[in-house]
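Novice: Numbering (our numbering), first residue to last: 711 to 1113. All C-beta atoms, glycine included, are put in the ideal place defined by N, C-alpha and C. Here it is, the structure in full.
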């Protein structure tokens, strides 16, 4: 099993490539939760993710013959960039298989770091099958995204940094996909202090670890569905699962809605942009998915910031909907002068900002003398939404909430 000494050795290997990322005390999230929340800003890492650490450590251990044949891997995006950069830095050829629907930004970044990208399959697991084919055909060395001791050890250097910067830490909260990050961090921190609590977090739509722990054996999901694409794996690794069982104190799950709210709040209040996988640890804290005491020192690991701009738009909109900041409604008006003006007056009285109006008198769903109206509205929170809907209904409007 991965040892503390493995992590210490990895630190020397990755020192020239990986940055020591900031650990930032958050007044905002400390006030929200009552805990002392320090954000591990690994999203400021080279390539925008922690993955460069494990990839660098693994590639540094290749023999001369392995370096000559090159490496291959599969990745949803962040590991791809880490392997491409780490390999290019020492002159090793790399082929990266990514899911067909991987974020465009991650595909472009991987190519810019020198990796040859092959798009294949619906998710990480099908991409991995293709990568193993290339491994056999071209005799390349497969660099696993998580189920490899060298990779885990490289990721564990984050734990060493957390302890160095905050030796009084009580709880560290870590995202889990395949388990490499949490395995490495848990090994590092437990090696420093057995009393430090490690909480792993998965997205509900990719929660293989939580189910595996309940059953006492590795479980593979038929499919995964989450906005946190960086941790969208069907199953935990064999080696990582053993470390998790031994050293991770608790594993919890968060919904996509909760991830979106955490990401949006972090962006708005802390001016910090993370990807979905990077926001799950913070979501577990703010949504109180595990018990913690007032003033407990908690470090959520914000593990990456490589979010596609189209995905960001959707996630932020989802976050605004969940926090009552955006509302889309439909209602029916009499098709006569002044009807729309009266509706707008009511919205103005309720201090609602109108983003857009779609007025349709040809809809088959309404009577000949009626018109259907859809409105995109900016609201100020759940209570404001409730007051607005109550006011509209009190004025005789039948209102359907669309979003």
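Hey, is the segment 928-942 in contact with the segment 862-873, meaning 3+ C-beta pairs nearer than 8 Å?
Specialist: Contact fails: fewer than three Cβ-Cβ distances are below 8 Å.
Novice: Assign residue 949 to one of three DSSP states: helix, strand, or coil.
Specialist: By 1-based counting over the chain shown, the position of residue 949 is 239. Three-state DSSP puts residue 949 in a helix.
Novice: Which whole-angstrom value is the C-beta distance of residue 897 and residue 717, which I expect to be below 8 Å?
Specialist: Residue 897 sits at position 187 when you count from the first residue of the chain shown. Residue 717 sits at position 7 when you count from the first residue of the chain shown. Indeed they touch by this definition, with Cβ atoms about 6 Å apart.
Novice: I'd like to check one pair, residue 817 with residue 763: are the Cβ atoms closer than 8 Å?
Specialist: Numbered from its first residue, the chain shown carries residue 763 at position 53. Numbered from its first residue, the chain shown carries residue 817 at position 107. Going by C-beta atoms, residue 763 is not nearer than 8 Å to residue 817.
Novice: Could you tell me which residues DSSP pairs with residue 900 in its beta bridges?
Specialist: Along the chain shown, one-based indexing puts residue 900 at 190. For residue 900, which the question treats as bridged, DSSP gives no partner whatsoever.
Novice: So does residue 1068 have its beta carbon nearer than 7 Å to some heavy atom of the ligand MG?
Specialist: With respect to the ligand MG, the structure shown offers nothing to examine, as it has no ligands at all.
Novice: Excluding the five sequence neighbours on either side, which residues of its own chain have a C-beta within less than 7 Å of the C-beta of residue 1060, listed in chain order?
Specialist: The residue you call residue 1060 lines up with position 350 of the chain shown. Taken in chain order, the residues that qualify are 1097, 1098 and 1101.
Novice: Along the alpha helix (DSSP H) that carries residue 734, what are the first and last residues, could you check?
Specialist: In the chain shown, the residue the question calls residue 734 occupies position 24. Note, residue 734: premise wrong, no alpha helix (DSSP H); beta strand (DSSP E) at 733-735.
Novice: May I have the straight-line CA-CA distance separating residue 941 from residue 886, to the nearest angstrom?
Specialist: Your numbering for residue 941 matches position 231 in the chain shown. Your numbering for residue 886 matches position 176 in the chain shown. Between residue 941 and residue 886, the C-alpha separation is close to 6 Å.
Novice: Considering only residues of the same chain and omitting the five flanking positions on each side of residue 807, which have a CB-CB separation below 6 Å?
Specialist: Taking the first residue of the chain shown as position 1, residue 807 is located at position 97. Closer than 6 Å at Cβ, skipping near neighbours: 784, 828, 830, 837, 840 and 841.
Novice: Assign residue 1093 to one of three DSSP states: helix, strand, or coil.
Specialist: As a working mapping, residue 1093 is identified with position 383 in the chain shown. Of the three classes helix, strand and coil, the one that applies to residue 1093 here is helix, per DSSP.
Novice: Report back the beta-carbon spacing between residue 990 and residue 913 to the nearest angstrom; my notes put them in contact at under 8 Å.
Specialist: Taking the chain shown and counting its residues from 1, one reaches residue 990 at position 280. Taking the chain shown and counting its residues from 1, one reaches residue 913 at position 203. The pair is a contact, with the Cβ atoms about 6 Å apart (cut-off 8 Å).
Novice: Find the nearest neighbour of residue 906 within the set 924, 883, 1111 and 921, judged by alpha-carbon distance.
Specialist: The residue given as residue 906 occupies position 196 in the chain shown. Ranking 924, 883, 1111 and 921 by Cα distance to residue 906 puts 883 first.
Novice: Consult DSSP for residue 800 and reduce its assignment to one of helix, strand or coil.
Specialist: On the chain shown, residue 800 is found 90 positions in, with the first residue counted as 1. Coil, per DSSP.
Novice: Quick check: the segment 754-769 against the segment 1023-1040, are at least 3 beta-carbon pairs closer than 8 Å?
Specialist: Contact between the segment 1023-1040 and the segment 754-769 is absent, because fewer than three Cβ pairs lie under 8 Å.
Novice: To the nearest angstrom, how far is it from the Cα of residue 747 to the Cα of residue 908?
Specialist: Within the chain shown, numbered from 1, the residue matching residue 747 stands at position 37. Within the chain shown, numbered from 1, the residue matching residue 908 stands at position 198. Cα to Cα, residue 747 sits roughly 15 Å from residue 908.
Novice: Counting along the chain, where does the alpha helix (DSSP H) carrying residue 911 start and finish?
Specialist: Along the chain shown, read from residue 1 onward, the residue named residue 911 stands at position 201. Here residue 911 belongs to no alpha helix (DSSP H); instead the beta strand (DSSP E) covers 907-913.
Novice: In whole angstroms, what separates the C-alpha of residue 932 from that of residue 944?
Specialist: Position 222 of the chain shown, counting from 1, holds the residue named residue 932. Position 234 of the chain shown, counting from 1, holds the residue named residue 944. Roughly 7 Å separates the two Cα atoms.
Novice: Below 8 Å, can you find three or more Cβ-Cβ pairs linking the segment 730-750 to the segment 996-1015?
Specialist: Contact holds: three or more Cβ-Cβ distances are below 8 Å.
Novice: According to DSSP, residue 749 sits in a beta bridge with which residue or residues?
Specialist: Here the question's residue 749 lines up with position 39 in the chain shown. Paired residues: 734.
Novice: Using DSSP bridges, identify the partner residues of residue 1040.
Specialist: By 1-based counting over the chain shown, the position of residue 1040 is 330. According to DSSP, residue 1040 bridges with 1084 and 1110.
Novice: Any idea what DSSP makes of residue 1069, helix, strand or coil?
Specialist: Numbered from 1 along the chain shown, position 359 holds the residue referred to as residue 1069. Residue 1069: strand per DSSP, three-state reduction.
Novice: What do you reckon, are the CB atoms on residue 891 and residue 760 nearer than 8 Å?
Specialist: In the chain shown, the residue the question calls residue 891 occupies position 181. In the chain shown, the residue the question calls residue 760 occupies position 50. For residue 891 and residue 760, yes; Cβs fall inside 8 Å.
Novice: Does the beta-carbon of residue 1058 have 16 or more other beta-carbons within 10 angstroms, so that it is buried, or is it exposed?
Specialist: As a working mapping, residue 1058 is identified with position 348 in the chain shown. Burial call: exposed.
Novice: Would you grab the beta carbon distance between residue 793 and residue 777 for me? Rounded to a whole angstrom, and I think it's under 8 Å.
Specialist: Taking the chain shown and counting its residues from 1, the one referred to as residue 793 is at position 83. Taking the chain shown and counting its residues from 1, the one referred to as residue 777 is at position 67. About 13 Å separates the two Cβ atoms, so there is no contact after all.
Novice: For the alpha helix (DSSP H) containing residue 972, name the first residue and the last one.
Specialist: As a working note, residue 972 is residue 262 in the chain shown. 966-980 is the extent of the alpha helix (DSSP H) around residue 972.
Novice: For the alpha helix (DSSP H) that contains residue 1007, what are its first and last residues?
Specialist: Working through the chain shown from its first residue, we reach residue 1007 at position 297. Unbroken run through residue 1007 is the beta strand (DSSP E), 1007-1012; no alpha helix (DSSP H).
Novice: Shortest alpha-carbon distance to residue 813 belongs to which of 1015, 1087, 1090 and 1077?
Specialist: As a first step, residue 813 is located in the chain shown; it is residue number 103 there, counting from the start. Per the Cα distances, 1015.
Novice: Check each candidate in 780, 800, 804 and 1068 and name the one with the smallest Cα separation from residue 791.
Specialist: Along the chain shown, read from residue 1 onward, the residue named residue 791 stands at position 81. Nearest option by C-alpha distance: 804.
Novice: Taking 7 Å as the limit between beta carbons, can you name the residues of its chain near residue 730, skipping five residues before and five after?
Specialist: Mapped onto the chain shown, residue 730 falls at position 20. These residues qualify, in order along the chain: 871.
Novice: Determine the closest residue to residue 768 out of 977, 854, 1108 and 915, with distance taken between C-alpha atoms.
Specialist: The residue given as residue 768 occupies position 58 in the chain shown. Ranking the options by Cα distance to residue 768, first place goes to 854.
Novice: Helix, strand or coil: which one does DSSP assign to residue 960?
Specialist: Here residue 960 refers to the residue found at position 250 when the chain shown is read from its first residue. Here residue 960 sits in strand by DSSP.
Novice: Just the Cα atoms here: how many angstroms apart are residue 1003 and residue 1070?
Specialist: Translated into the one-based positions of the chain shown, residue 1003 becomes position 293. Translated into the one-based positions of the chain shown, residue 1070 becomes position 360. Residue 1003 and residue 1070: Cα-Cα distance of roughly 54 Å.
Novice: Quick one: does residue 944 have its CB under 8 Å from some CB of chain D?
Specialist: Although the question refers to chain D, the structure presented lacks it and comprises just one protein chain.
Novice: Relative to the alpha-carbon of residue 984, which residue among 956, 1075 and 1019 has its alpha-carbon at the smallest distance?
Specialist: The count along the chain shown starts at 1 and reaches residue 984 at position 274. The option with the nearest alpha carbon to residue 984 is 1019.
Novice: Counting only the same chain and skipping the five closest in sequence on each side, list residues whose C-beta sits under 8 Å from that of residue 900.
Specialist: Walking along the chain shown from the start, residue 900 turns up at place 190. Once the five neighbours on either side are set aside, the close Cβ partners of residue 900 are 714, 906, 908 and 957.
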